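So the structure is just underneath, and the comments pick up after that.
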Amino acid sequence: MRLRQSVRGFAAAVGALSLAFAGTMGTAAPAHASATGSTALGTFTYEVRGATVKVPVGCFLTHSISGSGKKIERQLAGVDCIGVAATFSRFCNWRIDFSYADTDNRTYRTSRGATRAQCEGAPLRRAAPQTLPHYGKACARLFVNGKSRATQCHYITR
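Mapping of the sequence shown onto mature numbering (1 follows the signal peptide of the UniProt record, and there is no 0): residues -33 to -1, 1 to 125, in sequence order.
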């Protein structure tokens, strides 16, 4: 468990840094066979059972997808935190949705994740393998306490 979190944290940090240097953080990236990208969450607070929960700077929504053409073999999205945020961040009442849009940016499918009431430091959701009917983009969106906090997308091209 600790190794998985360390590897995920390292992968998120490397992905986030490379995207930051490329100047494309938070934008959709071309994905011909596989892609991983991260979008910074930014700091925010929310209420849970009368208590205020603060998420500090240092957390990212990381979205990974692999496959060929319109066939998605593996897709997952989760929250990775680095530094102090890794120690203190907890996400309550969270869910991750996957959505798919065609090349005209029309969303034709959304797979809504279950809302998880328990508080977790590293939310994670996997999607089942599938074949998309259209080229376009695949996105992961994180919701915390019913509010959208981050979206990360990859283009699905020929």
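C-beta atoms are modelled at their ideal positions from N, C-alpha and C, and glycine is treated no differently.
All values reported here derive from a predicted model rather than from experimental measurement.
Could you spell out where the alpha helix (DSSP H) holding F58 opens and where it closes?
That residue, F58, is in no alpha helix (DSSP H); it is neither H nor E in DSSP.
Nearest residue (CA-CA) to S33, options V24, G25 and A44:
A44
Selected residue, minimal CA-CA separation from C59, among P100, Y67 and Y13:
Y13
Going by DSSP in three states, V24 sits in which element: helix, strand or coil?
coil
Contact under 9 angstroms by Cβ, A81 with G103:
no
My parser needs the alpha helix (DSSP H) runs of 4 or more residues fully inside the stretch 66 to 102; what are they?
none
State buried or exposed for Q85, treating a residue as buried only when at least 16 other CB atoms are found within 10 Å of its CB.
exposed
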